Every structure is written in C-alpha cells, then in structure tokens.
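Taken in order, these protein sequences are the chains called F and Y.
Residue numbering for the first sequence follows this note's numbering, beginning at 41 and increasing consecutively.
Residue numbering for the second sequence follows this note's numbering, beginning at 1160 and increasing consecutively.
C-beta atoms are modelled at their ideal positions from N, C-alpha and C, and glycine is treated no differently.
For clarity, every value in this text was computed on a predicted model and none was experimentally measured.
Shown next, in structure tokens, is the structure this report addresses.
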Amino acid sequence: MQLLEVKEMTHFFGGLRAVHNYNLSIQPGEICGLIGPNGAGKTTIFNLITGIHRPTEGDVLLAGENLVGLFPHQIAARGLGRTFQNLQLWRHMTVLEHVKLGRYSKLGYGLLGAFLGTSKQKREEEEIAEKAMDLLRTMRVDQVADQNVLNLPYGAQRRVEMARALATDPKVLFLDEPTAGMNPEELKQMMGIIRQVHDEMGLAIFLIEHRLKMVMELCQRIQTLVFGEVIAEGPPEEIQNNPKVIEAYLGKETME
Amino acid sequence: MAQLTGTVPGYSLSGVSAMLRRPFSGAPLLAWLLGVILAVSLERILGAPLALFLGLPRIPMLFGFVIALSRPLLFPSALIYVLIIYLIPVAAVLRLAGEATNRAADLLMRMPFLVTVLVHLGLLYVTLHLWSGVSAYRVLTLKLILIAVIVTTSLNLINGYQGEFSCSHPGFMALGAYGASVFTLILFVDDKIFGTALLPAWLGPFLFPLGLIAGGLVASLGALAIAIPSFRTRGDYLAIISLAFTFIIKSLVENLEVVGGPRGLGSQPDWANLPTVFIWAVLCIWTINNFVRSTMGKAVNAVRDDEEAAEAMTVNTRRTKMINFMFAAFWAGVAGGLFAHVLRYVNPSTFGIQKLAEVLAMVYLGGLNSIVGSIVGAVSLSMLSEALRPLEIFKWIIIPLLLILVMIFRPTGLIAFREFNVRNILSPRQNPQREV
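Rendered as structure tokens:
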C-alpha cells in the first residue's frame, strides 16, 4: 500500500481552477519533488493536502485513511509534518519551545496537570525537552536552544522550523522551498540535513523547490506542475530531458 | 565646552544609580522580606509615638504620600517618618544580614522546592499582616490590591498571552461576584431575598472556597458564550462582542429583581479576610504561571504569533483559545466573588466601563505576556490611585498621563514578555567579588 495517496484532486478558488486532477503517491522512504513555475499551484497543493484548504474534489489518503475534511491539526497529528515557504515561526518563543510544541498532540497530562504543575506534567515536559534537544542537535542548533528564534540567522531559523516539523513525528515531511533565500553554504548544509533526516529516520519527504540542481540531486521522483496540472512525472533524468518541462520551465533558464 | 557637557565618570546618572544599587544587589529576596518585617514591626511599636513626635496627625498610611499631598507643609515630617521607619531598617538589614541571608537562602534552596516557596510566602504574609494590622484602611486597601492582582493577571492571559483584546472582565467579575454571593446568601445567611439559611453558619468558612469556585465557573460559562461566536475568526470581533457582553451582564443584573436589581446585594458574610484573599491570589498566580510555562500554555502564544503554524504543529487552536479564555474568566469570577465578600455588598454599576478601564490600564502598564508585569501593574496603579486621592479630580489627569508616557516609552508595558521564574527569584544572590 502507498503511504500517501492523492486521488484526482481538483480545487477551485471561486471561478479559478487552481489545481486540476492532481494525483500523487508516495511510498515509505521516498523523496519526491514538486517543481513548476511561479503561480503553478505548488503551495496550494501543499495546503490542500495538509488541510488548510479543503479540496473541491478528490481524496487524500494517508496509510489508507481519508484526510479530507479533517482540521489541519488533526492531519498534522496523523503524520503530515510541514514547513512553510516564508518562515512561520512564533516571534516571542525560544528555539526549544518551538520544538517542544511539536509534541502538543501527544501530551499525556491533561489541563489539570498543566494548571497544577503535577509531577507527571513536569516529568513529561522534561522528556519532551530531551527529545527536542536531540532534534536540535541533529539540526545543529542545540547551542541556541534558549535563544529567541528571531535572534538566529536565517539558515538556522529554517532548521528550527524543520526540527519543529520533525517533532510531530511525521510519516511524510512536507518541505515548502526549504532552501529559499539561502546562500550557497547554507544550501549545502540544508541538503546535507535533508539527506541525513531521510537516511536516519527513513522519512518520506515531499518537497517544493525552485533550485533544480537540488531537486535533481535529492529526489527519486519529480512532478512538474504548470497551471495546476501535472505535465510530467518521473525520475530526475527523465524530467530533465522532457521537452514539455524544458518548454514550460527550463526553457526560460536556457535562454539566459 | 566639551568637557562641561561630558559626563564625569562615576557621577553620571547611571553611575549614581549603580552606586546606590550595589550594596543591595547581593541580598536575596529573603533579606528584603526580613528587612521589611523589621520595618513594619518597628512601625507597630514606634509608629504612633514617632508620628506624634514629628507632628503628624497619625501614622502615614501609604508611605506619607497622602499626607504630603493633602498638607504639603507636613512633607518633611512624612519624609523623615518613612526614612526612619522603612528605609533605614531595610537598608540596614540588607547591608548587615546580606551574607547570612544568602547562606540561609542557599540552605532553603536545598530543601524541597515546595518548602522553600512556603517559607517565603509565609514571610510575605507576615509582612503584609503586620503592615496592614495598623489600620482597617490598610487591610481593605491590601485586599483590594490582591484582588486587582488576580483580575490583572487573568486578563493578561487573554490580552497578553493570547493577543486578543477582551473587554469582558468586568462582566466576568460581576458573574463571579453574584454567583458567589448567591451561593453564600442562600446557604448560610438569613436573608430577606433568599429566606433562611439552609446550612449551619459554622460550615460557612469551609464551604466558602466552593462558593468562589462556583462563581468562577459561572464566569467560565459566560466566557464560553462569548468564545463560541467570536473565536471562529480573529481580529476586532472579540473586542466588540466582549464589550457587549459586559453591558449585557450589567443590565441583566440591573433588571433581575431576584438578586436585588440596581439596588445591589448586601450582607454577605465576612469570610474574605486577609489570609483568604492572600491564599486565593497565590493560587491564581501559581496556576496561571504553571499553565503559561507548560507546553500546553505555550500553545496559546503560538496561536497568537502564527495560528497557521500552530495548526501545522498539531495544536488544536480553537480548543486552545477557548480553554485559555475560560481559564482567565474563571479567575476573574473568583476575584469578583472575593470582591463581593470583601466589601460585603455588590451592585451592578461597579462592573461597568470604569472598572474595565482600570483593569486594562493595569495590564498595559505592567506589561503584556508577563505575570510579574501584571503584579507590578496592579499593585502600582492601585497604590497610586490611593496615594493620589487628595488630588481629587487631578488624579484622573495624572494617572492617564502616566499611562500615555508608558505607552510612548515602553509600548508593551513596564515588564513585558518576562517569564516568572520563582526559582530564580528565591535563589541566593552571588556577590560579584566572590564570583571570580
């Protein structure tokens, strides 16, 4: 069985057809890429799958369970972790608090535990903090755990966001342009981290990316989206040489 | 010219303040508490004769402010009184017992944390008890300040931690005040409205907490009624709906003859004594502090800063907002119940727009997203409003002016976005010299 399956998803914003007949299937441990020119609907597809928008038609199945109609937090708790295209961090919280909050749905102490600060609550907070520190170490931001996120350089903020997404114990990790705005050095580090996360945790990853070099290197399978429709899908080499893709996307770059 | 305008090292303003602070920065909270206890004990023994000797009509009730403002000629005497009774003993204790109290604080920190906290709270209570024991006016002021602390801290949960603007706290207080009053009046008081008492009066003080909790729960239910329509969206809706709620509750009570209508409800039993109010204030701060520092409470901050990201991190944002709102309302209700039993009379006009302005001012003066800030805001604004009483109408020019200044220079309040870390506050202070 596929881990994540999207069947014939179509979405309209008013009269505008943003996504048309979109299909996706991701197997456990696979890295899949989604590319396409600006405004093709890549982020919309992310938002549809993660529940921010409800698709007009179609099904989203995670390990066989239909996710359509669930709240985003329910979908996230079932195993779809995500990062955002423009960093969406909480401006008054520390790095550690960010990652700890990823465990929200798995908190065992109830409200009374939180109000009264029971020993069970304290123990659990410590366990969460330990797990969060592990993730921060993987992301190489453990040194700044007690800093406010806004004090961190851009690349580190990206990694905090990823650590936060990983804290939710995702089955599939959605990365929305994980290297947007990064310099070459940060880019290299981020690619290393994505590989490491993939190898160590055996995660399936679905990523939107603009830098083709990175997508070609990382992904086992790539979809090309133009005007809400997938025009080509396949392994990197195939996509690279697909004339439709070159026309729609790469064509512009070769002009330069 | 350049030399004249340049600051001479050691004599600049910051230099002077550092010089004043240095001898005292090494003293732990324990030393401060002991110093103040000494000062207030001194006042009980020497206060009256000293005041007589200095030509003051009586012991200055609020550190000489009232006397200095109403009879300016007595200002020097009031100053001397404050110096002799408060400042010198406290400074002496900090200076002489700094070392010893540091060791004591260190010893206390090694005991179970609960013991440490209880010892400090005990000392704090002794301080307040001795200070207020001088007159009934001080007791009443202190009780009202503690109630203001509860209301302010709980409103900060919504306006600060959750970042929504709520105007419904007077309404919640009214619900709590009437809820608790009806509870005690029906059960324990032979009353014109509710008839004879159902339970023997000696049970009362034991069941009084239940009455307060009942009042708090009624307020929480009121909060639920606001939360359901207004938390579907963000923005100004809550401000408008909550303001409407306050007015609805007020006119509802005014028109309910069962609870006395506009005449109000009186003859509540005198159970809200200082220790009771103190314990409830401590409970309020304790639970709120636990909540906002837990991961569950951090979710409230996450919802404020980025709701979409919070959802993506598995946070049930709607539930989080509702719980926080109802929790805040609960404490406002408890505060209302205490308020009714401190004054032993409530009427609906108390819980109007002026109360709202007062509480909002305390929250924004003290600082958003900060429990220490709320305590500071509530205490300082209540004290100020008492101290400036002799200025009569000008009081209402000075206090808003002060608020405007705070908003200009510190837009988020005096002590905003600070965690209330009890452990740090109680721990012994390291001497700078010994640290090396």
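Residue i classed as buried or exposed, judged by whether at least 16 other C-beta atoms fall within 10 angstroms
| i | result |
| --- | --- |
| F/Pro218 | buried |
| Y/Lys1480 | buried |
| Y/Val1417 | exposed |
| F/Asp216 | buried |
| Y/Ala1295 | exposed |
| F/Met295 | With a pLDDT of only 46 at F/Met295, under 50, the local geometry of the prediction cannot be trusted, and the value read off the model is given with reservation. Answer is exposed; the Cβ neighbour count stays below 16. |
| Y/Arg1478 | exposed |
| Y/Met1566 | exposed |
Three-state secondary structure (DSSP) of residue i
| i | result |
| --- | --- |
| F/His138 | helix |
| F/Asn78 | coil |
| F/Asp186 | coil |
| F/Arg122 | strand |
| F/Gln67 | coil |
| Y/Ala1458 | helix |
| F/Gly73 | strand |
| Y/His1328 | helix |
| F/Met254 | helix |
| Y/Arg1297 | helix |
| Y/Asp1464 | helix |
| Y/Val1348 | coil |
| Y/Lys1480 | helix |
| F/Gly157 | coil |
| F/Glu45 | strand |
| Y/Arg1452 | helix |
| F/Asp209 | coil |
| Y/Ile1218 | coil |
| F/Asp216 | strand |
| F/Ile92 | coil |
| Y/Ile1556 | helix |
| Y/Val1505 | strand |
| F/Arg261 | strand |
| F/Ala244 | strand |
| F/Tyr149 | coil |
Residue-chain proximity (residue i, chain Y), Cβ-Cβ < 8 angstroms
| i | result |
| --- | --- |
| F/Pro112 | yes |
| F/Glu296 | With a pLDDT of only 44 at F/Glu296, under 50, the local geometry of the prediction cannot be trusted, and no value is derived from it. |
| F/Glu293 | Bear in mind that a pLDDT of 49 at F/Glu293, under 50, signals an unreliable position, so the model cannot answer this. |
| F/Ala288 | no |
| F/Arg143 | yes |
| F/Gly299 | In the structure as shown, chain F starts at 41 and stops at 296, and residue 299 of chain F therefore has no counterpart that could be examined. |
| F/Pro283 | no |
| F/His132 | yes |
| F/Ile89 | no |
| F/Leu176 | no |
| F/Lys211 | no |
| F/Lys140 | yes |
| F/Gly157 | yes |
| F/Phe124 | yes |
| F/Arg204 | yes |
Residue-level contact to chain F via CB, residue i, 8 angstroms cutoff
| i | result |
| --- | --- |
| Y/Lys1480 | no |
| Y/Phe1367 | no |
| Y/Ala1494 | no |
| Y/Glu1470 | yes |
| Y/Asn1475 | yes |
| Y/Glu1467 | yes |
Beta-carbon spacing of residue i, residue j below 8 angstroms
| i | j | result |
| --- | --- | --- |
| Y/Leu1287 | Y/Leu1299 | no |
| F/Leu141 | Y/Ile1482 | no |
| Y/Leu1334 | Y/Leu1346 | no |
| Y/Gly1330 | Y/Phe1576 | no |
| F/Ile286 | F/Ile262 | no |
| F/Val255 | F/Ile75 | yes |
| F/Leu107 | F/Gly91 | yes |
| F/Gly98 | F/Lys47 | yes |
| Y/Ile1534 | Y/Val1308 | yes |
| Y/Met1268 | Y/Ser1586 | yes |
| F/Tyr194 | F/Gly221 | yes |
| Y/Phe1337 | Y/Leu1424 | Looking at the sequence shown, residue 1337 of chain Y is not Phe but Tyr. Closer than 8 angstroms, so yes. |
| F/His138 | Y/Glu1470 | no |
| Y/Tyr1240 | Y/Leu1215 | yes |
Item to complete: State whether the stretch 243-257 of chain F contacts the stretch 206-216 of chain F, with contact taken as three or more CB pairs (one from each stretch) at a distance under 8 angstroms.
Response: In short, these stretches touch, since the Cβ pair count reaches three.
Worksheet item: Any contact of the stretch 1378-1398 of chain Y with the stretch 1482-1494 of chain Y, i.e. 3+ C-beta pairs under 8 angstroms?
Response: Verdict: yes, contact present.
Worksheet item: Below 8 angstroms, can you find three or more Cβ-Cβ pairs linking the stretch 1310-1325 of chain Y to the stretch 1514-1522 of chain Y?
Response: Yes: at least three Cβ pairs fall under 8 angstroms.
Practice prompt. May I ask you to verify whether the stretch 1429-1440 of chain Y touches the stretch 1520-1529 of chain Y, counting CB pairs closer than 8 angstroms and requiring at least 3?
Written response: Proximity of the stretch 1429-1440 of chain Y to the stretch 1520-1529 of chain Y falls short of the contact definition, fewer than three beta-carbon pairs being nearer than 8 angstroms.
Worksheet item: Per the contact definition of three or more C-beta pairs closer than 8 angstroms, is the stretch 1222-1232 of chain Y in contact with the stretch 1315-1322 of chain Y?
Response: Contact between the stretch 1315-1322 of chain Y and the stretch 1222-1232 of chain Y is absent, because fewer than three Cβ pairs lie under 8 angstroms.
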